[in-house]
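**Q** So the sequence lines, in the order shown, correspond to chains A and B.
The first sequence: position 75 = 75 (my numbering), numbered continuously.
The second sequence: position 18 = 18 (my numbering), numbered continuously.
Protein chains: 2
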Amino acid sequence: MNLEAANAARLLAQLGNETRLRIVRLLVRAGRSGMTVGEIQKELDIPNSTLSHHLTSLRHVGLVEQRRESTVLRCLVDYDRINAIVDFLTRECCAGEKERKIL
Amino acid sequence: MNLEAANAARLLAQLGNETRLRIVRLLVRAGRSGMTVGEIQKELDIPNSTLSHHLTSLRHVGLVEQRRESTVLRCLVDYDRINAIVDFLTRECCAGEKERKIL
DNA sequence: AAAATCTTTCGACATTTCTAGAAATACCGT
DNA sequence: ACGGTATTTCTAGAAATGTCGAAAGATTTT
Numbered sequence: 001m002n003l004e005a006a007n008a009a010r011l012l013a014q015l016g017n018e019t020r021l022r023i024v025r026l027l028v029r030a031g032r033s034g035m036t037v038g039e040i041q042k043e044l045d046i047p048n049s050t051l052s053h054h055l056t057s058l059r060h061v062g063l064v065e066q067r068r069e070s071t072v073l074r075c076l077v078d079y080d081r082i083n084a085i086v087d088f089l090t091r092e093c094c095a096g097e098k099e100r101k102i103l
Numbered sequence: 001m002n003l004e005a006a007n008a009a010r011l012l013a014q015l016g017n018e019t020r021l022r023i024v025r026l027l028v029r030a031g032r033s034g035m036t037v038g039e040i041q042k043e044l045d046i047p048n049s050t051l052s053h054h055l056t057s058l059r060h061v062g063l064v065e066q067r068r069e070s071t072v073l074r075c076l077v078d079y080d081r082i083n084a085i086v087d088f089l090t091r092e093c094c095a096g097e098k099e100r101k102i103l
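(1) Would you say A:E43 faces chain B, with C-beta separation under 8 Å as the test?
(2) Using 8 Å as the threshold, is the C-beta distance between A:L12 and A:V77 below it?
(3) With DSSP collapsed to three states, give me the class of B:V61.
(4) Name the residue from A:L15, A:E69, A:H60, A:N7 whose alpha carbon lies nearest to the alpha carbon of A:V37.
(5) Might you give, ordered along the chain, the residues of its own chain that have their beta carbon closer than 8 Å to the beta carbon of A:R20, omitting 5 neighbours on each side?
(6) What residues in the segment 68 to 97 of chain A bring their beta carbon closer than 9 Å to a beta carbon of chain B?
(7) Would B:V37 count as contacting chain A if we go by Cβ distances under 8 Å?
(8) In whole angstroms, what separates the C-alpha of A:E92 from that of B:P47?
(9) Quick check: is the beta carbon of B:G62 nearer than 8 Å to any beta carbon in chain A?
(10) Starting from A:L44, trace the beta strand (DSSP E) in both directions and tell me its first and last residue.
(11) Could you tell me whether the Cβ atoms of B:R10 and B:V61 are closer together than 8 Å?
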């Protein structure tokens with residue numbers, strides 16, 4: 001999956017907003033069944049316009065996918081994307097430690 | 001180390017800025033010997049005031065520590081802090097996957 | 001204490017991001 | 001097609017963030 005730095009920053013910036021981080025955590029816990037926009041809204045108690053705005057951002061960086069189910073929009077987190085971030089951080093931002101511990 | 005969500009968001013937001021992410025990666029690679037502000041500046045080629053500003057932000061969230069060595073300021077990344085972020089993401093944002101894979 | 005080097009602080013501006021009410025749109029069941 | 005529920009788009013103000021030149025602050029060397 002290997003993110004490049006610029007992309008990693010974009011993803012990290014998304015998670016850097018507390019509201020969006022809450023959304024993502026909620027969806028992660030929801031797993032493969034995901035949650036509808038309305039369910040998320042009830043849980044987080046934020047205006048629908050604000051929520052919709054954040055979901056759009058999350059969709060744009062590929063962290064969240066939406067799927068229409070008749071009247072309802074089901075939101076799903078993209079686990080690959082999340083893992084890509086963790087991988088990036090592990091690879092690019094934790095690597096130095098061990099090498100230098102010897103020095 | 002266990003970050004709480006609000007703190008995690010603050011840290012992630014720092015890494016969400018491309019310039020700051022570059023700074024952190026540089027320091028991670030530099031390891032225990034770190035880098036002076038001037039060395040970082042040469043490497044990234046950004047104005048000192050801008051760099052200083054970002055280093056202050058990074059210091060405020062504990063990602064970077066500075067240590068004066070006579071005329072020079074040496075910057076060191078806090079590996080514990082980085083690991084705490086990775087741990088947080090792994091714990092709070094990847095957890096759902098396995099549980100649900102069975103469903 | 002003045003010079004030289006390194007780094008930060010100040011101040012100002014531009015840009016982006018966040019938030020949310022109101023209006024519009026989308027889809028379904030009737 | 002109408003009514004109802006779900007969600008987005010529009011719009012706009014407020015707040016936060018990013019950028020950088022110029023001046024000021026440290027610290028050592030002379």
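Quick reminder that beta carbons are idealized off the backbone N, C-alpha and C, glycines included.
Note that the coordinates shown come from a computational prediction; the quantities given were computed from them, not determined experimentally.
**A** Based on what the coordinates show:
(1) no
(2) no
(3) coil
(4) A:E69
(5) Q14, H54, S57, L58
(6) V77, Y79, I82, N83, I85, V86, L89, T90, E92, C93, C94, A95, G96, E97
(7) no
(8) 24 Å
(9) no
(10) Unbroken run through A:L44 is the alpha helix (DSSP H), 37 to 44; no beta strand (DSSP E).
(11) yes
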